[in-house]
Structure formats: C-alpha cells, structure tokens
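Numbering (the working numbering), first residue to last: 4 to 713.
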C-alpha cells in the first residue's frame, strides 16, 4: 500500500491518487462562504483538522459534493466535517453553522450514527431500546443472557451470575475494579488512587488520576449538576430515569411510610418483602445485618465488610498516619487513650471535622504529645475535650485547667496593651498579687470558674484605669487623689474593683497618696431570696420524695436549699468528701464534717453508687467527681448544673440566698463558717443581715468576764 484514496481505500504505487492541493481547494470553498477569516488562518485550521493526505482528499470530495454541510447540515457528514465545523466556529467564522441533532434538534455533540446521520447519545440509545427479559421495561441492552435474551444495565448488575466475591469485604457483589493480582473489589471497597484534584487542589482519591485533570469523588459529584426532569430545579444529579433524564435526590428518593417507626421518611433500605425502612430503622433491622469479615459478628457493618468494633482501630490509625501511611511512635499513648471508647461513638467522633483536623495536625507534627504541645495549637472546644480525654486516661498528667487557661488569657490580654510601662505594671500585679495566690489555692484544691472570673474582672478594670489615666494625660506614678475621685465618679464598669490594684501599686511605690475606699454596702445586699417564706421547705420536700427526678438533680438541689452551697462548689465535690460511719453519712463541705440526715443520706449513697459521666469518647469509670460531666475526668459545668436545677423549678441563686439567710439566723458565725465552708467575714455579714445577736452577745459576755477578773 502506497496511499489511500478519498474513500480511505488502499492504493498501490502504480495506482496512486492524483496529487492535488486539496487544502487549497477546501480554503477556496470556505472563501466563497465569506467566513471572515483570512487565508492563512483557514489553511492552519484545515491542516490541523485533516493532517493526513487521504483525510484531505476525503474532506475535499465530501465538501465538493455537499457544500451545505457547512451551513447547518453537518449531521449528514463525516466526523472529519464535524471537526472542521467545530474548529471554524471556535475561530469565529461568520457563516459556518454548527449542526443540531437531526432527531431531537438539540445542540450537542453528535458522536453516534443513526439512519445515515450523526446524532446525540440520547437519540442513539433511544433507537436501541428493547424490552428487558428480566424487568420487562424498555431499556438499552447492556448484555444478554446465555440464551440470547436482552438485559438492561440494572438487571445486569443485579444478576448473581455477574457477581464476584469481593476481596475486601467478602460480599458477593458486582466488581468495579480488579487489582494487580486479579482480585475483585466492589464499589464499597475500591478506592481510586490518590492524586491532587484539579478542582479543589486536595490530595484525595481521584478518578482520572493518570490524566491532566484528576477529579476527587466530592468534586465529581458536586460538578455534576443539571435541571431535574421532574421538578426542573438545577441540583446535583442523584440518578436518571429509564430515558436517561437527570433526577435530583428529593425526586429520586421519595418519602414513604417506614415499616418500623411508621414515620414518613426517605427510604434507605427495604425488608425481604419490599417494605420501606428509614435510615435509623434500617441500621437496626436484620435486613441490613451482615457477617463481619474479621470477627464474624452479625450486625450492621460500618464499611469494607467490618463491624464498628473492627473498623474503629483502623480508622483511628488512618487519621493519625501521615501521607506515607506510617504513624509516629509518639502517638501510641493517644491511640491507647481513645481505643477504649465505645467503637460507634469513636467513629462518629472521628468523622466530625473538628476532631479530624486536630488529629491530622498531631499526625503532621513532631515530638511527644504534651500539654505544651497542645497549648501551641489553636484553642477550640475540640482541643479542650481532647485534652480531657488524654488526662482522664493517664496519657497526660493532671493540671488545673482553670489556672492554665487564665495564664494563657493573661498573656493574650497584656499583649494588647500598647503602653510598655503599663504593660509591665499590669504583669507584675497579675503575677505577684493574683497568680501567686491562685497557685497556692490550686495546690489545695482545683480552682472554680467564679474565682477565675473575679480575677479576670480585676485585670480588665485595671487596664481600663490605666488607659483612662493616659487619656487624661497622666500615669499611675503622677496620679493624684483628685484623679481617682474623678475615676470613681465616671460611668466605667468595675471602678471600685481596681482597689486591689491601687493598693498594691501604693505598697510597691508605683503610686503615692492615692486610695480607693471600700464600698459601704453589705455583702448580702442585692442577694435574691425566695418570694414565699415556706417555699424553701416545699422545694426540699419535693427533692427528697419525688422519685421521678434524677438523683443528680435531687442531691444537688438539696445541697442548694438546705446547705446553701453554690453550684461552683457542688460540682467540685468528690467521692472522698462523702464518708460513712455507724452514725450515718457525713459530707465534708468545710473544715468540719456535716451529718446528713435521712432520706438525703440514702440519696447521697445512691449518687455515689450510680454516678456516671456523659463523655462519649474517652469515658473512664475512675473519675473521682461526685457530679461527673460531659468531658472524661472532668466535673459537670456549674452553668449546666444551674440550668438543670432551674428546669425543675429551683432558682439556684434565690434558693441559696434563702437557705443562707435562715442558717445565719440560727447558727453562730464560727459554726456556719466551719460547716458550710464559707469565709468567716461572709458568715458574719450574713449573720448581721439575718439579725443574729448571738455573736454580739457572746462577745459582750466575754468582755464582762474579763472585767471581773481584773
């Protein structure tokens, strides 16, 4: 064969086709159409469209016979004519018209042939519809049975003869991929190779990974949008009808009445007899149960043929592994702390974006996981919860989180102070006056949120005072009492709270001759009380005898209305504060144990026996707290306890104020302080407010005895 003629047939050397300048002939035909393109551009387009001589000869013969192919009748031409038309239209040719499908009149790619004309995929498939031998619907023939009967794509995929045993999950399913050893993988187990997605730029499993435009599964799904053939809304294509029309998810998954719960929900699965099941009920129904390929347990499988118990360790290690699939040895304590959690709850926690980002950041880091390493990360709720998990499971040492957070907060706040001298004074005051005192208290028992909140209020007020002095063109060293009086007469919040700061500054010679007086109001003024006199006893009677209430609420409520304990002190109680002897139950609220009468004693015993935290991940039963909270190894949040008591009709502030007022009117100040664990000055103020004359009477008797002895 030496060449080919214009029909593509081979020719020998003796009968070679006559050599003519076919490109020039085609350009001459295009010039007659007045395309608006110059001869050089037309020549380049023709040579790129038909690079081989026989292609030029065939294109010349076709356009010579039918010039109308370039003006809308291109559907009746060859693919080479369609390629020439597309190139001319792309270059802005005026009179060249791209052809539409001759059957549906849509302007789309004409890649198929039907009845001697080029057509679109929809019209081509429509001409090949046959009645499926399995479902009976008019569908495209995907394959045929051994006896030659047609099968549609859906029936072909559901035919057990076309299924293979998946090497990943062991299920008998349609194979979508075979590995290098020929092992079949189903759609659940096969994952495309890792590549950089051309849309989102992330390293993820991508289709077309070996091409120039890989696309991850998420982008592939979100980019596939079209008007729904049912509702007309442009949405992500969830499926297609028998005629290949796009269908969105709301239309493709109509709601039906669930067989199990009876609610109208979207159908996730069906029973053996075809009855609908919603997502929640399907996970619990035996119709969804399969045997785990690793342990053999019959239950709803998480993924790849594994139950939740077998899938959780692998998922956790996968998140903590680097891009190369290896995990740092320093992360083994993290694995040990998390792996003891409930597998299902652990998988849900791992799937949450915030914990997943946190674990990925640890995987990409270096060195052991310590408190200092976690402090360098961006503060978040997920980070606080993760730290609690590690501490509760002994992967990190215990520390006072309130104190640590205050130190971090102090650094951030002081960094915002512009004046260097003011920043130095504030840091000295916070370090030597507050931090030293807070660290001593923390060594005895954990700090409360109220204690830290009061210190923060003082620091903020001190910053405002120094800024106010700068605005009035003075500073703390040149400040006079007139300036302080002007500050106290202003409308700034916490103007009297800076008394500790001013007193410290004078004692350390940072200021001279200034003072802020103590406020003359009583410590108990403004304290809320219950509106009715016997309401305290009505509430306590309900808490002691109403068995429909939770034991946590009953015990905490009794500590409020009977023993005047604030929620911040209640949640800090541990099991060691409760002791039992032959005389009954004793509770250590202050320096002396408090005898707990019945039936409250039985409630306290029940709480010690049945207390349980609400941590979903990292849960441990070794928590010492009497009121464990939602974080492992941590007590309940005081605000959470307050909201629980308010929900059952117990106003905590008013209930505590009424109880403290009644007790202060009956007990001596010293006894009140020792039993309830309140400061002696606070007990004295409440006794005076309650009208208790016993402390004054005892002092007067002591003075009389002293005068007689003289």
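Backbone N, C-alpha and C define an ideal beta-carbon position, used for all residues, glycine too. Everything numeric in this text was worked out from a predicted model, so none of it was measured.
Neighbourhood of residue i by C-beta, 7 Å cutoff - its chain only, sequence neighbours within 5 removed
{"i": "residue 244", "result": "232 and 250"}
{"i": "residue 602", "result": "547"}
{"i": "residue 53", "result": "59, 62 and 83"}
{"i": "residue 503", "result": "436 and 461"}
{"i": "residue 254", "result": "231, 233 and 234"}
{"i": "residue 577", "result": "627, 628 and 629"}
Which of helix, strand or coil DSSP assigns to residue i
{"i": "residue 126", "result": "helix"}
{"i": "residue 118", "result": "coil"}
{"i": "residue 279", "result": "strand"}
{"i": "residue 198", "result": "strand"}
{"i": "residue 372", "result": "coil"}
{"i": "residue 297", "result": "coil"}
{"i": "residue 314", "result": "helix"}
{"i": "residue 561", "result": "helix"}
{"i": "residue 169", "result": "coil"}
{"i": "residue 336", "result": "helix"}
{"i": "residue 683", "result": "helix"}
{"i": "residue 288", "result": "coil"}
{"i": "residue 628", "result": "strand"}
{"i": "residue 663", "result": "helix"}
{"i": "residue 152", "result": "coil"}
{"i": "residue 94", "result": "coil"}
{"i": "residue 212", "result": "coil"}
{"i": "residue 229", "result": "strand"}
{"i": "residue 674", "result": "helix"}
{"i": "residue 434", "result": "helix"}
{"i": "residue 326", "result": "coil"}
{"i": "residue 347", "result": "helix"}
{"i": "residue 555", "result": "helix"}
{"i": "residue 358", "result": "helix"}
{"i": "residue 487", "result": "helix"}
Beta-carbon spacing of residue i, residue j below 8 Å
{"i": "residue 143", "j": "residue 154", "result": "no"}
{"i": "residue 347", "j": "residue 373", "result": "no"}
{"i": "residue 588", "j": "residue 608", "result": "yes"}
{"i": "residue 539", "j": "residue 546", "result": "no"}
{"i": "residue 687", "j": "residue 672", "result": "yes"}
{"i": "residue 564", "j": "residue 542", "result": "yes"}
{"i": "residue 314", "j": "residue 290", "result": "no"}
{"i": "residue 336", "j": "residue 423", "result": "no"}
{"i": "residue 353", "j": "residue 316", "result": "no"}
{"i": "residue 304", "j": "residue 293", "result": "yes"}
{"i": "residue 128", "j": "residue 287", "result": "no"}
{"i": "residue 517", "j": "residue 483", "result": "yes"}
{"i": "residue 465", "j": "residue 432", "result": "yes"}
{"i": "residue 256", "j": "residue 266", "result": "no"}
{"i": "residue 308", "j": "residue 172", "result": "yes"}
{"i": "residue 206", "j": "residue 326", "result": "yes"}
{"i": "residue 479", "j": "residue 491", "result": "no"}
{"i": "residue 47", "j": "residue 30", "result": "no"}
Bridge partners - residue i, DSSP secondary structure assignment
{"i": "residue 268", "result": "259"}
{"i": "residue 136", "result": "Looking at the DSSP assignment, residue 136 forms no beta bridge with any residue, so it has no partner."}
{"i": "residue 207", "result": "198"}
{"i": "residue 495", "result": "DSSP output for residue 495 lists no bridge partner at all."}
{"i": "residue 75", "result": "Residue 75 is not bridged to any residue."}
{"i": "residue 187", "result": "181"}
{"i": "residue 176", "result": "167"}
{"i": "residue 636", "result": "In the DSSP output, where bridge partners are listed per residue, residue 636 has none listed."}
{"i": "residue 142", "result": "133"}
{"i": "residue 219", "result": "209"}
Proximity test, Cβ basis, 8 Å: residue i and chain D
{"i": "residue 209", "result": "No chain D is part of this structure, which consists of one protein chain only."}
Contact test: residue i Cβ vs the ligand NAP heavy atom, cutoff 7 Å
{"i": "residue 41", "result": "Here there are no bound small molecules, and the ligand NAP is not part of this structure."}
Own chain, CB closer than 8 Å to residue i, minus 5 neighbours either side, in chain order
{"i": "residue 182", "result": "170 and 188"}
{"i": "residue 693", "result": "664, 665, 667 and 668"}
{"i": "residue 195", "result": "208, 209, 210, 212 and 220"}
{"i": "residue 700", "result": "Any reading at residue 700 is ruled out, since the residue's pLDDT is 49, under 50, leaving its predicted position unreliable."}
For residue j and residue i, believed in contact at Cβ under 8 Å, the rounded distance
{"i": "residue 641", "j": "residue 579", "result": "That pair is no contact at about 20 Å."}
{"i": "residue 279", "j": "residue 621", "result": "38 Å between Cβ atoms; not a contact."}
{"i": "residue 659", "j": "residue 569", "result": "6 Å"}
{"i": "residue 406", "j": "residue 450", "result": "6 Å"}
Other residues of its chain near residue i: CB distance less than 6 Å, five sequence neighbours each side excluded
{"i": "residue 648", "result": "560 and 655"}
{"i": "residue 652", "result": "none"}
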